[in-house]
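J.: Protein chains in written order, with my numbering: chain A, 219 to 539; chain B, 29 to 278.
Next up is a structure, given as structure tokens.
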Amino acid sequence: MSLRPPPVIPRTAGIVFAAACVALGVVPVVLDLSAYAHNQLTFLFITIAGALAWNWMGGFVGQISFGHAAMFGIGAFVAGRVSLNLHLPVPLSWLAGAVVAGVFAIGAHPLLKLRGPYFSIATIGVGEAARVVFTYWEGFTGGSSGLSLPIDGDLKYQLYWWALGFAALVAAASVVIRRSSFGLKLLAIKADADAAADVGISAPFYQDLVFVLSGAVVGLSGALYASFQSFIEPADMFGFDRSIGFVLTAVIGGVGTALGPVLGAIVFVVVKLYLLDSHPELHLGLYGMLLILVILFEPLGLAGLFRRVVRRLRPARGGGS
Amino acid sequence: MTRLVIRGLTKRFGGLAALDGVDLALREGEILGVIGPNGAGKTTLFSLIAGSLRPSSGEILLDGRRVSGLPAHRCVRAGIVRTHQIVRPFGNLTVFENVLVAAIHARRPGARPGAGHARDRAGEVLEFVGLADRMTQFPGTLTLAGRKRLELARALATAPRVVLLDEVIAGVNPTEALAFAQLIRRVRDERGVSVMMTEHVMPAVMSLSDRVFVLDHGKQIAEGTPAEVVANPQVVAAYLGTEAEQAVAS
């Protein structure tokens, strides 16, 4: 029987991925990066991890969340409070932020009975409710004056490798999920939750599981971001702009593709860097245009574009078929 | 031996009883045809057995174990699987993946569920329904008959003891219909699966079924061999109307 489906993860792809991680790991040492570039790369890694984790829910399960800022903010404030008040080592405080954000995501269980646009609208409500609650919860978040964390130059320098490792792990997890039987179940739920139940897949269980995982990872990215910024305030951390940011990065990069959000995050951060400073009013307009272009011409985003280019090039190199 | 026992099964939607006190038994290795006019409650009956709907009252036992009230995915794991009248393939997965995802939870005595096991099983089932050469295609590229085969393959991949086929033959051309009837017989003969099927294509049901069960307005009106059922005046009345009604109509 000619039953040879492709291997779960092609070996060359694994090698390229590992090499890229190692290269990025030695870049600051070898190239003597400016502090600015060093920090922007750190920010990029944090953004990548968040975008990838959003995509587990939005892309793999197909439930588009406009409320992930809630988990991002909770991760950040819990981590901040744990390191400030309990004086635990910073990495432990990050972990605490991730766990609490994941637990918060379990609370989304009733929402997950909704599908499609109904789910999306409900997540807007949850995100905004979280923003209001945490803005008024001054004892915890410092209210509108925010929370200042001790400024630690060494930590900020080291954060580069923490963030890189984190992003690499999340990227590897994305690929493994996408290619595994677990990912297959998620895609089946995305296609038709009722038909999935008819072949023995419990949509509620897997949705809950993925939402918790996605929430915990986004919470962890929020916690790293808190250490990165040293100052966090609820209006910004829980802001609707952040929730939209997750959606934008994933959609521009390629919703449902394993690694598309990485590309989306790169575009997002670069646009932010080069347009936010010079033309702060322009960058949202540009995202809007990118979004329209993606939806009209390449629903799989930059990843889809990338695949198309690869397909074009391949026959030329391989000499036919 | 009796595989599936249904006692006093009732489903009400508001004031309307879509199914009203149905008693039914499906034997091991049997093909049972369920027929009835449109709106008789056939699909409701299937939805109740498959766990897509919860019964208002009554019970369903699979090999003596109560399965009524279980959600659909638990019914599948217990061994009852259904196919849909309107095929519902996972359009974003290949034909192979469509079947693979159904095979993941398949449990057979002695065989542990696992990825490798599921792959073998998915390949074997696709071979069985005659779609082995379409594995890497997407369901959208298949003909209707092909998608119906896929629907059947997906159901079989779950390693069921009972399969409920909702109008699998309807809508395909006569040659395909004949091949499909053959396939359903092989599901019973070679895989030992008990089959319950509804069908509008009467010759197909009558030639395939060991027994036929007739529903009308949610109630059982007849049960027996195809020959007995066809001769039953109540069945004829349900399908064609009584003489008095025909007189009024004409």
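Where is the CB? At the ideal position from N, CA and C, for every residue including glycine.
Quick caveat, the model's predicted, so the values are computed rather than measured.
When the cut-off is 7 Å and only beta carbons count, does A413/A lie next to chain B?
T.: Taking Cβ atoms only, chain B reaches closer than 7 Å to A413/A, which makes this a yes.
J.: Mapping the DSSP letters down to three states, classify Q425/A as helix, strand or coil.
T.: The answer is helix: DSSP assigns Q425/A an H, G or I state.
J.: I want to see whether chain B comes within less than 7 Å of L402/A, judged by CB atoms only; does it?
T.: It does: the Cβ of L402/A has a partner Cβ on chain B nearer than 7 Å.
J.: If you check the beta carbons only, do W312/A and V428/A fall under 7 Å apart?
T.: Against a cut-off of 7 Å, the Cβ pair of V428/A and W312/A comes out as no contact.
J.: Starting from A271/A, find everything on chain B with Cβ-Cβ shorter than 8 Å and list it in chain order.
T.: In chain order: nothing, as chain B lies at least about 21 Å away.
J.: Spatial neighbours of R116/B within its chain, please: CB distance less than 8 Å, with the 5 preceding and 5 following residues excluded, ordered by chain position.
T.: Correct list, in chain order: E179.
J.: In this structure, what does DSSP give as the bridge partners for I63/B?
T.: Per DSSP, V242/B.
J.: If we define contact as Cβ-Cβ less than 7 Å, is V528/A a contact residue for chain B?
T.: For V528/A, the answer is no, since every Cβ of chain B falls outside 7 Å of its Cβ.
J.: Measuring straight from C-alpha to C-alpha, what distance separates A468/A and L270/A?
T.: Cα to Cα, A468/A sits roughly 7 Å from L270/A.
J.: Who are M225/B's beta bridge partners in DSSP?
T.: In the DSSP output, where bridge partners are listed per residue, M225/B has G61/B and L193/B.
J.: Let me check understanding here. Comparing Cα to Cα, which of R182/B, M230/B, P254/B and A232/B lies closest to D416/A?
T.: Here the closest residue by C-alpha is R182/B.
J.: Could you name the residues of the same chain whose beta carbon sits closer than 6 Å to that of Q281/A, not counting the 5 residues immediately before and after it, in chain order?
T.: Excluding sequence neighbours, Q281/A sits near M275 and F337.
J.: So what does DSSP say about V473/A, is it helix, strand or coil?
T.: Three-state result, V473/A: coil.
J.: For the alpha helix (DSSP H) containing E256/B, list its first residue and its last residue.
T.: Note, E256/B: alpha helix (DSSP H), P254 to A259.
J.: Among the residues of its own chain, which have a CB less than 6 Å from the CB of L81/B, if the five just before and after it don't count?
T.: S75.
J.: Just to make sure I have the definition right: I need the residues of chain A whose C-beta is within less than 8 Å of the C-beta of A146/B. Which are they?
T.: Within chain A, the residues near A146/B are S399.
J.: Here's a check: name, in chain order, each residue in its chain whose Cβ is nearer than 7 Å to the Cβ of C103/B, leaving out the five neighbours to either side.
T.: Excluding positions up to five away in sequence, the list reads A78, G79 and V95.
J.: If we count the other Cβ atoms within 10 Å of its Cβ and call it buried at 16 or more, is D48/B buried or exposed?
T.: Buried.
J.: Taking 7 Å as the CB-CB cut-off, is A521/A touching chain B?
T.: Judged by the 7 Å Cβ criterion, A521/A is not in contact with chain B.
J.: Could you work out which residues of chain A lie near G97/B, taking near to mean beta carbons separated by less than 8 Å?
T.: Chain A residues near G97/B: none, gap ~15 Å exceeds 8 Å.
J.: At which residues does the alpha helix (DSSP H) containing K408/A begin and terminate?
T.: Residues S399 to A409.
J.: Which partner residues does D85/B have in the DSSP bridge list?
T.: A small correction: the amino acid at residue 85/B is Ser; Asp does not occupy that position in the sequence shown. Partner(s): T38/B.
J.: On a CA-only basis, which of P452/A, S362/A, Y443/A and I342/A is nearest V309/A? Give me that one, please.
T.: A quick correction: the sequence has Pro, not Val, at residue 309/A. For P309/A, the nearest C-alpha among the options comes from Y443/A.
J.: Taking contact to mean at least 3 C-beta pairs separated by less than 8 Å, is the segment 205-212 of chain B in contact with the segment 243-251 of chain B?
T.: Contact fails: fewer than three Cβ-Cβ distances are below 8 Å.
J.: In chain order, what residues of the same chain have a beta carbon less than 7 Å from the beta carbon of P246/A, not counting five sequence neighbours either side?
T.: Only H256 and Y378 meet the Cβ criterion.
J.: In chain order, which alpha helix (DSSP H) runs of at least 4 residues are fully inside the segment 466-526 of chain A?
T.: Segments of the alpha helix (DSSP H) lying fully in the segment 466-526 of chain A: 478-494 and 500-515.
J.: Is any beta-carbon of chain B found at less than 7 Å from that of V240/A?
T.: Not one chain B Cβ lies under 7 Å of V240/A.
J.: Looking at L365/A and I450/A, is the spacing between their C-beta atoms short of 7 Å?
T.: Going by C-beta atoms, I450/A is nearer than 7 Å to L365/A.
J.: Check whether the Cβ of E179/B lies closer than 7 Å to any Cβ atom in chain A.
T.: False, the Cβ-Cβ gap to chain A never drops below 7 Å.
J.: Look at the alpha carbon of S237/B and the alpha carbon of F41/B, and state the distance between them as a whole number of angstroms.
T.: Rounded to whole angstroms, S237/B to F41/B spans 30 Å at the Cα level.
J.: Does the beta-carbon of I395/A have 16 or more other beta-carbons within 10 angstroms, so that it is buried, or is it exposed?
T.: With 16 or more Cβ atoms within 10 Å of its Cβ, I395/A is classed as buried.
J.: Run through chain B and tell me which residues come within less than 8 Å of K374/A, C-beta to C-beta.
T.: Simply none; closest approach about 42 Å.
J.: Taking only beta-carbon atoms, is S392/A less than 7 Å away from chain B?
T.: For S392/A, the answer is no, since every Cβ of chain B falls outside 7 Å of its Cβ.
J.: Using a Cβ-Cβ cut-off of 6 Å (strictly less than) and excluding sequence neighbours within five positions of A483/A, which residues of its own chain qualify?
T.: The residues are T265, I266, A269 and T467.
J.: Using the beta-carbon count (16 or more within 10 Å), is M566/A buried or exposed?
T.: Residue 566/A lies beyond the range of chain A shown here (219 to 539); nothing can be said about it.
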